[in-house]
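Colleague:
Protein chains in written order, with my numbering: chain A, 111 to 416; chain B, 12 to 316.
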């Protein structure tokens, strides 16, 4: 099936978008970070030290993460916030630290080790309280990821001027929202971005996780307007014009999870003048990872180590 | 790494089967209306395994009278249980009964034991009796026991699909007729772990770094689960999704598995594209169960106009 590179999504950014998220950020900043950082001896090795970390986020939900640093003592480390996929377990980011970065792999609410206070499950997260932007699951979920930047800024070994964000799939969507909302981000990489063009994606795909929304609307068809209204506040496309940092994106043109059409629409909307799209024909949701990982390394080396 | 099958290998697995047979399946079924469609109904299933321990699965049954072929998505080494794997066309549920199972420790089967990922692969590995994977394998087999109680299954077409557990299911349960497997951690485990720093195998490296004196012992324990020693018991027609040539579990490395299996085996080296590899799997299984003229059910973005 040919992909329409000029596809544009139907989402319209709400007029009070900035006000809505401004209030969320205000609320978030009023909550003490309350960091706990414990060395994980089992996962640490001769090259990398791994920590299990915790901090407080919106609604005082306790968020966990894996934090790793290279063992070679260096002041002013470049840092990466690694944001997770939808159903996968956030990885221990030893590979990033082996390349010289401090790296936080965050588990937003509902993910493993961050689910004692909030756990809508899988399937479930995508439609939990989807009729109300003020209680929708991703209001807190996004904030949990953004708060990872506060954690990195709290670390003495991290150079606050050299922080990037990376992720694929849901991580790609979170890389978009995080780089839009946190100006400390100096470089971003978003692969096969999820959470972008929701209402188009549910028509373009026949796969989970977007099917969760179709399941919901089949059950509650009268709630369509409310669902659309909520999702407009959470759509990566609504955030994208606020991205100013250098950013790369990669798409698989046979992506069966996050339709590439929504990726093109997203890329068009990104505000940064320093943006580049990598398209991988013959690739699915992995979006050309085996080639693109080298491109990502060069990109972050240039912007965070250069 | 032990290169020999343990002397009591058969006895070990016979004992597990006997223990499992003495635990009633005790299925409880609930209809999941929101996930049911005009072409398939979805059920949540609680069943009992050894311990006793309650595990959970999603059972999807096509509308109609059946019998229907079955795809059994075996337990993963990850926390989340999916109805069908992410990216699979939901329409697959119109053709197959699908059953995805959470083994002990995964979400929906994590009370009282919640596994960590990474963590589960070395949990209790200090001894053969305490190693958690004995229970994981029992859970995998119990899923097949449950499927055999479903009246609309086609017993001539039961596919075990997933990681190493799909091969263990084929070796240890006679119901499996076809296998689609991507070996990831139970083939020559300790030797393979020494060649990588990536999880899940890195979990074994982590363990051995802190318990170097335990290498011989855990090698011995893992040999009960090693796919090489189960290979001759596998008679199902199988598709092995190997790594790309030169990768950790490439075709050459897996020879001691694939050349000793007693059913027909297709080994497909990864093309490093989830689209190309996924298409190969869908075409293979459609061909085997429905013949070469049948059309695979694939996601929208994999369809060629």
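C-beta atoms are modelled at their ideal positions from N, C-alpha and C, and glycine is treated no differently.
Every value quoted in this text rests on a predicted model; they were computed, and no experiment measured them.
Would you say residue 155 of chain A faces chain B, with C-beta separation under 8 Å as the test?
Modeller: In the first chain, counting from the first residue as 1, residue 155 of chain A sits at position 45. Answer yes: the Cβ-Cβ gap between residue 155 of chain A and chain B drops below 8 Å somewhere.
Colleague: In this structure, what does DSSP give as the bridge partners for residue 280 of chain A?
Modeller: The residue you call residue 280 of chain A lines up with position 170 of the first chain. Residue 280 of chain A pairs with nothing; no bridge assigned.
Colleague: Going by C-alpha distance, which of A:344, A:218 and A:265 is nearest residue 243 of chain A?
Modeller: Within the first chain, residue 243 of chain A is the residue found at index 133, counting from 1. Checked all of A:344, A:218 and A:265; the closest Cα to residue 243 of chain A is A:344.
Colleague: Identify the continuous beta strand (DSSP E) that holds residue 169 of chain A and give its terminal residues.
Modeller: For the purposes of this step, residue 169 of chain A is taken as the residue at position 59 of the first chain. Where residue 169 of chain A is concerned, there is no enclosing beta strand (DSSP E), because DSSP gives it neither an H nor an E.
Colleague: Of the residues that make up the region 32–49 of chain B, which ones have a beta carbon closer than 8 Å to any beta carbon in chain A?
Modeller: 44, 45, 46 and 48
Colleague: How big is the Cα-Cα spacing for residue 185 of chain B and residue 55 of chain B?
Modeller: Residue numbering aside, residue 185 of chain B sits at position 174 when the second chain is read from its first letter. Residue numbering aside, residue 55 of chain B sits at position 44 when the second chain is read from its first letter. Cα to Cα, the separation comes out at about 25 Å.
Colleague: Which stretch, first to last residue, makes up the beta strand (DSSP E) that contains residue 386 of chain A?
Modeller: Counted from its first residue, the first chain places residue 386 of chain A at position 276. Counting along the chain, the beta strand (DSSP E) containing residue 386 of chain A begins and ends at 385–390.
Colleague: Quick check for students: name the residue ranges of the beta strand (DSSP E) that lie wholly in the region 207–270 of chain B, counting only runs of 3 or more.
Modeller: For the region 207–270 of chain B, whole beta strand (DSSP E) runs of length 3 or above, ordered along the chain, are 248–253.
Colleague: When you compare each of A:301, A:143 and A:206 to residue 159 of chain A by their alpha carbons, which one comes out closest?
Modeller: The sequence position of residue 159 of chain A within the first chain is 49, counting from 1. For the residues A:301, A:143 and A:206, the minimum Cα distance to residue 159 of chain A belongs to A:206.
Colleague: Quick check: what's the CA-CA separation for residue 195 of chain B versus residue 138 of chain B?
Modeller: Taking the first residue of the second chain as 1, we reach residue 195 of chain B at position 184. Taking the first residue of the second chain as 1, we reach residue 138 of chain B at position 127. The alpha-carbon atoms of residue 195 of chain B and residue 138 of chain B are separated by roughly 22 Å.
Colleague: With a Cβ-Cβ cutoff of 8 Å, do residue 161 of chain A and residue 173 of chain A count as a contact?
Modeller: Position 51 of the first chain, counting from 1, holds the residue named residue 161 of chain A. Position 63 of the first chain, counting from 1, holds the residue named residue 173 of chain A. At least 8 Å separates the beta-carbon of residue 161 of chain A from that of residue 173 of chain A.
Colleague: Which residues in chain B sit within 7 Å of residue 73 of chain A, going by Cβ to Cβ distance?
Modeller: For chain A, the structure presents residues 111 to 416; residue 73 of chain A sits outside this window and is missing.
Colleague: Rounded to the nearest angstrom, what separates residue 281 of chain B and residue 265 of chain B at their Cα positions?
Modeller: Taking the first residue of the second chain as 1, we reach residue 281 of chain B at position 270. Taking the first residue of the second chain as 1, we reach residue 265 of chain B at position 254. Taking the straight line from one Cα to the other gives about 13 Å.
Colleague: If contact means a Cβ-Cβ distance below 8 Å, which residues of the region 195–212 of chain A contact chain B?
Modeller: 196, 197, 198, 199, 201, 202, 204, 205 and 208
Colleague: Under the rule that 16 or more other beta-carbon atoms within 10 Å means buried, what is residue 221 of chain B, buried or exposed?
Modeller: For this step, residue 221 of chain B is matched to residue 210 along the second chain. It is exposed - the Cβ of residue 221 of chain B has fewer than 16 other Cβ atoms within 10 Å.
Colleague: So what does residue 229 of chain A bridge to, in DSSP terms?
Modeller: Residue mapping note: residue 229 of chain A aligns to position 119 of the first chain, counting from 1. None, per the DSSP bridge assignment.
Colleague: From the DSSP output, which residues share a beta bridge with residue 344 of chain A?
Modeller: For this step, residue 344 of chain A is matched to residue 234 along the first chain. In DSSP, residue 344 of chain A forms no bridge with anything.
Colleague: So which of B:261, B:288, B:216 and B:310 has the shortest CA-CA distance to residue 56 of chain A?
Modeller: Since the displayed chain A opens at 111 and closes at 416, residue 56 of chain A lies outside it and no answer follows.
Colleague: Report all residues from its chain with a CB closer than 7 Å to the CB of residue 268 of chain A; omit the five preceding and five following residues, and keep chain order.
Modeller: For the purposes of this step, residue 268 of chain A is taken as the residue at position 158 of the first chain. Excluding sequence neighbours, residue 268 of chain A sits near 187, 189, 212 and 262.
Colleague: Residues of chain B with CB closer than 9 Å to the CB of residue 393 of chain A, please, in chain order.
Modeller: Walking along the first chain from the start, residue 393 of chain A turns up at place 283. Going along chain B in sequence order, the residues near residue 393 of chain A (Cβ under 9 Å) are 283, 284, 285, 286 and 287.
Colleague: In this structure, how does DSSP classify residue 79 of chain B when only helix, strand and coil are distinguished?
Modeller: Against the second chain, residue 79 of chain B aligns to sequence position 68. If DSSP states are grouped into helix, strand and coil, residue 79 of chain B belongs with the strands.
Colleague: Determine whether the Cβ of residue 318 of chain A lies closer than 8 Å to any Cβ atom of chain B.
Modeller: The sequence position of residue 318 of chain A within the first chain is 208, counting from 1. Cβ-Cβ to chain B under 8 Å: yes for residue 318 of chain A.
Colleague: Quick check on residue 188 of chain A: does DSSP put it in helix, strand or coil?
Modeller: Working through the first chain from its first residue, we reach residue 188 of chain A at position 78. Reduced to three states, the DSSP call for residue 188 of chain A is strand.
Colleague: Distance check for residue 260 of chain A and residue 407 of chain A, CA to CA, integer angstroms please.
Modeller: Here residue 407 of chain A corresponds to residue number 297 of the first chain, with the count starting at 1. Here residue 260 of chain A corresponds to residue number 150 of the first chain, with the count starting at 1. Using only the alpha carbons, I get a separation of about 24 Å.
Colleague: Under 8 Å, CB to CB, which of the residues in the region 326–337 of chain A have a partner in chain B?
Modeller: 326, 328 and 329
Colleague: Can you name the residues of chain B whose CB is closer than 8 Å to the CB of residue 232 of chain A?
Modeller: Here residue 232 of chain A refers to the residue found at position 122 of the first chain. Chain B residues near residue 232 of chain A: 91, 92, 93 and 118.
Colleague: Return the bridge partner residues of residue 52 of chain B from the DSSP annotation.
Modeller: Taking the second chain and counting its residues from 1, the one referred to as residue 52 of chain B is at position 41. Note: residue 52 of chain B sits in a beta bridge opposite B:72.
Colleague: Please indicate yes or no: does the CB of residue 136 of chain A lie closer than 7 Å to some heavy atom of the ligand SAH?
Modeller: For the ligand SAH, the structure offers nothing, since it holds no ligand at all.
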